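Line order of the protein sequences matches chains A and B. Heads up: the first sequence is residues 10 to 122, going by our numbering. Heads up: the second sequence is residues 8 to 123, going by our numbering.
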Amino acid sequence: AQKITQTQPGMFVQEKEAVTLDCTYDTSDPSYGLFWYKQPSSGEMIFLIYQGSYDQQNATEGRYSLNFQKARKSANLVISASQLGDSAMYFCAMREDDYKLSFGAGTTVTVRA
Amino acid sequence: EAGVVQSPRYKIIEKKQPVAFWCNPISGHNTLYWYRQNLGQGPELLIRYENEEAVDDSQLPKDRFSAERLKGVDSTLKIQPAELGDSAVYLCASSVRQGTTNEKLFFGSGTQLSVL
C-alpha cells in the first residue's frame with residue numbers, strides 16, 4: 010500500500026503568490042515524522058521542513074509552513090510569496106518507527122514571472 | 008562544510024556492463040543510505056548502513072547489486088551486470104543516527120545512470 014500520496018503531478022503559481030502542495034499519508038504507528046524535500050533540476054534533495062506526529066503546532070521554516078491535520082492524515086506544504094527559484098520538484102516523505110523514509114511521487118512546481 | 012559528494016554525475020553504459028557509484032558522506036555522519044529514483048517518481052531505499060554495517064538491505068536486488076562501506080565512511084554501490092531497467096538516478100544520503108523520527112537526511116546530487 011502506498012504510504013505517501015501526492016495527487017498533484019504539476020502546479021503553476023504566479024511569482025509572489027502562495028501555493029499549497031497536498032500530501033496524505035498512511036500509517037498505524039503512533040510515532041512518525043513528516044518531511045518535505047525540494048529537488049531542483051540539479052538533482053540534490055534539499056530538506057525544507059519537518060513535522061512530528063506529537064507536535065501540537067504546525068511547523069514553519071521561513072516561507073515554508075506545514076499544514077498538519079492529523080485526523081485527516083494530511084501534511085500539506087504551503088510556500089508563501091513564491092519566487093522563481095522555487096521552481097522544482099517537491100517530495101513529501103514519512104519516517105515511521107522502523108526509520109525508513111518513504112517518499113511520495115512528487116509534485117512539480119513552476120513559478121511564473 | 009562539504010555536503011554529500013557523489014561521483015560520477017552521469018554514467019552511460021551498455022547493458023550487461025558493470026558500473027560503480029561512489030559516495031562520500033558528510034563528516035561525522037554514521038548513517039549512510041543509497042536510494043534509487045526512477046523518472047517521475049520518489050526515491051526508494053536500496054540499502055542503509057550504520058557505520059560499516061548494512062542494517063537494512065532488504066530492497067537491494069542482490070543478484071546484481073552490491074554495496075560496501077569501508078571503514079564506515081565512503082561507500083560504493085555496484086551493479087553487475089547492468090540491465091535496461093536499471094536506468095535511474097542513484098542518490099546517496101547521510102545522517103547522524105538519532106533513533107528518532109526527526110532524523111534529517113542530507114542528500115548528494117546523485118548519479119544519473121543510462122543503460123543502453
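Quick reminder that beta carbons are idealized off the backbone N, C-alpha and C, glycines included. Predicted model only: the values in this text are computed from it and were never measured.
With which residues is residue i paired in a DSSP beta bridge?
i	result
glycine 42/A	Gly61/A, Arg104/A
cysteine 30/B	Gln13/B, Ser82/B
asparagine 76/A	Asn85/A
alanine 74/B	Leu84/B
glutamate 60/B	Glu57/B
methionine 98/A	Gln48/A, Thr117/A
serine 121/B	Ile19/B
alanine 95/B	Leu120/B
glutamate 70/A	Tyr73/A
My assumption, with CB atoms under 8 Å, is that residue i sits in contact with residue j. Please give the rounded CB distance.
i	j	result
valine 87/A	threonine 29/A	5 Å
aspartate 63/B	arginine 55/B	4 Å
tyrosine 59/A	lysine 111/B	7 Å
valine 11/B	serine 73/B	Valine 11/B to serine 73/B, Cβ: 20 Å. No contact.
alanine 68/A	leucine 93/A	That belief does not hold up - the Cβ atoms of alanine 68/A and leucine 93/A are roughly 25 Å apart, past 8 Å.
glycine 49/B	phenylalanine 112/A	3 Å
When the Cα atoms are used, what is the spatial distance from residue i to residue j?
i	j	result
phenylalanine 114/B	methionine 103/A	16 Å
arginine 71/B	tyrosine 108/A	26 Å
asparagine 58/B	glutamate 26/A	44 Å
glycine 79/B	leucine 39/B	9 Å
aspartate 93/B	glutamine 87/B	11 Å
glutamine 119/B	arginine 16/B	6 Å
tyrosine 42/B	isoleucine 13/A	16 Å
aspartate 31/A	phenylalanine 44/A	13 Å
How is the beta strand (DSSP E) around residue i delimited, first residue to last?
i	result
valine 103/B	No beta strand (DSSP E) holds valine 103/B; DSSP gives it neither H nor E.
serine 111/A	110–112
threonine 29/A	28–30
methionine 20/A	19–23
glutamine 48/B	No beta strand (DSSP E) holds glutamine 48/B; DSSP gives it neither H nor E.
Three or more C-beta pairs closer than 8 Å, one from the segment 65–81 of chain A and one from the segment 14–28 of chain B: is that the case here? no
Does the segment 13–26 of chain A come close enough to the segment 67–77 of chain A to have 3 or more Cβ pairs within less than 8 Å? no
Taking contact to mean 3 or more Cβ pairs, one atom from each stretch, closer than 8 Å, check whether the segment 87–99 of chain A and the segment 35–48 of chain A are in contact. yes
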